[in-house]
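To start, the structure itself, in structure tokens.
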Amino acid sequence: SFKMVLESIARIIKVQLPAYLKKLPLPETIGGFARLTVSDWLRLLPLLGILALLGYLTIRPFLPKKRKQKDSLINLKIQKENPKVVNEIDIEDLKSPNACYCRCWRSKTVRGLTASHRWRLFPGTSQPQQAPELSRFPVCDKSHIKHNELTGDNVGPLILKKKIL
């Protein structure tokens, strides 16, 4: 059966393709293309399609790469008024031995931390103030998987582990 396939391919290349090319109404000058009839153009269409495909496949590696996602920013909505988002989490204040926080900023899940963790004494203040970015820090809901597929990025969660003594 493999021999029959090879014989068929050889017949197409050696006999049928040359016969097809001989019958094509290829004009000898550029002006000759203007004199082709509709039926002539229809007979040329398969050859022109194959040539166009081969041309595209040849130049494709040299074309500029398109971004997979229009907006390649990681953080689209969290604390956009700040020039840089920085969060501090005291591992001792974690409710559970493990916490998995979002670093791709696509998570729609928020977990409140302990009450003591939400209030901090910030430099230059005399009374504790609430730290809303900590009390509503996004928890990983695996949204980074879709983000990575769309953008080719490799972002993943921040996993904090609390040692239990």
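Residue 236 in my numbering is what sits at position 67 of the sequence shown, and the numbering runs on without skipping anything. C-beta atoms are modelled at their ideal positions from N, C-alpha and C, and glycine is treated no differently. Fair warning: this is a prediction, and the values are worked out from it, not measured in the lab.
- Relative to residue 307, the option among 228, 192, 268, 209 whose CA is nearest is 268.
- The region 191 to 207 makes no contact with the region 217 to 233; the number of CB pairs closer than 8 Å stays below 3.
- Between residue 213 and residue 186, the CB-CB gap reaches or exceeds 8 Å.
- Excluding five sequence positions before and after residue 309, the CB atoms of its chain that fall closer than 7 Å to its own CB belong to 269, 270, 271, 276, 326, given in chain order.
- The Cβ atoms of residue 274 and residue 247 sit closer than 8 Å to each other.
- In the DSSP assignment, residue 327 falls within the unbroken beta strand (DSSP E) covering 327 to 330.
- For residue 267, the enclosing beta strand (DSSP E) starts and ends at 267 to 270.
- Separation of residue 216 and residue 182 (C-alpha to C-alpha, rounded to the nearest whole angstrom) is 14 Å.
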